[in-house]
Amino acid sequence: MIQEKLKETVKEGAETVKDLPEDIWQTIKDLLDLGFHFESGGKRIDLTVGHLLLVIVAFIVATVVLRLIRSLITRKMDTENELKFKSIFKFIRYIVYLAVILFTLNASGVDITVLLTASAALFVGLGLALQDLFTDIIGGIFIMVDKSLAVGDVVEIDGKVGRIFEIKLRTTRALTRDDKVIIVPNHHFISDIVYNYTQNHRTTREAVKVGVAYGSDTALVRKLLLECAAKQNGILKSPKPFVLFEDFGDSSLNFGIYFFINDSFSDPRIKSELRFRIDEQFRANKVTIPFPQRDVHFYPTTPIQPKSDE
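Structure below.
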């Protein structure tokens with residue numbers, strides 16, 4: 000009797016264990032089916048926990064694949080090109096993520112055409128609102144691809160001179176001579192005129208202009224200017240500085256000392272020190288720097304007598 004009851008208990012337990020995986024799977028399936036179910040345009044749209052998990056898994060897989068591709072492409076690049084490629088790759092990554100979302104939802108049974116149709120007006124509004132943003136992004140891609148701008152370049156934008164220290168997908172950042180950061184949207188570099196002082200090479204030609212009084216020894220002026228440039232730190236010995244007698248001014252003889260430097264960013268300091276040196280040498284050698292002046296002459300004339308009516 001006891002053996003028969005034991006056999007029945009074991010049999011019932013085995014059937015329970017046999018049905019347990021089916022119950023667990025059914026529970027998991029019910030959990031994955033939880034979500035929102037609604038109709039739009041006569042079509043049923045299901046957004047469930049299962050779809051969300053599928054999108055997350057697709058995101059993880061896409062991220063791993065993108066990182067692997069980026070590592071394979073950038074492993075032989077130098078630091079500058081690698082930074083440029085990473086900035087462009089960010090934009091590509093966003094597009095890939097959007098495509099992954101759409102394809103994943105479509106593969107899981109969600110009709111994405113309904114979603115696109117329902118949000119068409121929203122997309123149009125966003126497109127108009129983000130037009131400048133997309134222009135900046137495209138400008139950033141052009142900058143990185145054609146290498147018209149690089150980190151370390153000294154550029155002039157809207158009268159401001161700055162050294163580029165960061166190029167991003169949407170904006171470029173530069174440090175000005177007074178240690179202020181200017182943030183420039185990238186579309187300015189493809190639509191506006193930008194002076195790049197160091198595009199071809201780091202050496203640039205600068206000049207300091209000075210006027211001397213009429214009657215001054217012009218050969219002495221030339222000699223003093225060249226000596227000042229030769230003693231000034233920051234001015235290159237080659238190419239050699241040279242002096243131009245530029246014009247006969249209204250109140251002075253105008254000269255220019257031209258020289259080359261390899262740091263355009265600090266040229267105001269070099270020019271200032273050179274002007275101090277020129278002023279000192281001119282004073283020591285009795286060369287006068289005139290100021291604008293005018294001679295006014297008065298000529299006496301006989302006043303006109305009014306005629307009499309008689």
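According to numbering that gives the first Met the number 0, the sequence shown is numbered sequentially starting from 0.
Quick reminder that beta carbons are idealized off the backbone N, C-alpha and C, glycines included.
- Following the DSSP letters along the chain, one finds ILE269 inside the alpha helix (DSSP H) bounded by residues 266-283.
- In the structure shown, TYR93 falls within a helical segment according to DSSP collapsed to helix, strand and coil.
- Shown here for ASP266: same chain residues with a beta carbon closer than 7 Å to its own, the five before and five after excluded, namely GLU205, ILE260 in chain order.
- Looking at the DSSP output, THR175 sits in a beta bridge with GLY161.
- In this structure, the straight-line span from the alpha carbon of VAL64 to that of LEU51 is close to 20 Å.
- By the 16-neighbour rule on beta-carbons within 10 angstroms, ILE192 is exposed.
- Of the candidates VAL153, ILE256, MET143, the residue whose Cα lies closest to the Cα of ASP262 is VAL153.
- Taking a cut-off of 8 Å for Cβ pairs, the segment 173-182 and the segment 239-249 do not touch, as fewer than three such pairs fall below it.
- A direct Cα-Cα distance of roughly 16 Å separates THR202 from GLY161.
- The beta carbons of GLU165 and VAL150 sit closer together than 8 Å.
- Closest option to SER215, judged by alpha-carbon separation, among ARG74, SER190, LYS285: LYS285.
- Here VAL207 is bridged, per DSSP, to ILE256.
- DSSP, read as helix, strand or coil, puts VAL180 in strand.
- Judged by their CB atoms, GLN231 and ILE269 are nearer to each other than the 8 Å cut-off.
- LYS208 and ASP145 have their C-alpha atoms roughly 37 Å apart.
- Going by DSSP, LEU168 is part of no beta strand (DSSP E) at all; its letter is neither H nor E.
- Taking ARG66 as reference, the option from ARG92, LEU53, VAL54, PRO238 with the minimal CA-CA separation is ARG92.
- Between VAL99 and PHE58, the CB-CB gap stays under 8 Å.
- When DSSP states are grouped into helix, strand and coil, VAL295 belongs to the coil group.
- Assignment of beta-bridge partners to LEU243 by DSSP yields GLY255.
- When the Cα atoms are used, LEU101 and PHE90 turn out to be separated by approximately 17 Å.
- Going by DSSP, VAL153 is part of the beta strand (DSSP E) stretching over 153-156.
- When only Cα atoms are considered, ILE256 and LEU223 end up about 10 Å apart.
- Comparing alpha-carbon positions, the option among LEU168, ALA212, GLY248, ASP135 lying closest to ARG282 turns out to be ALA212.
- The beta carbons of GLY248 and GLY210 sit closer together than 8 Å.
- Rounded to the nearest whole angstrom, the CA to CA distance from HIS187 to LEU148 is 12 Å.
- Under DSSP, ASN195 takes part in a beta bridge, and its partners are VAL154.
- A Cβ-Cβ separation of about 7 Å places LEU273 in contact with ALA228 under the 8 Å criterion.
- Distances from the alpha-carbon of TYR196 to those of GLU155, ASP177, VAL56 put GLU155 closest.
- A straight-line Cα-Cα distance of about 23 Å links ARG69 and THR103.
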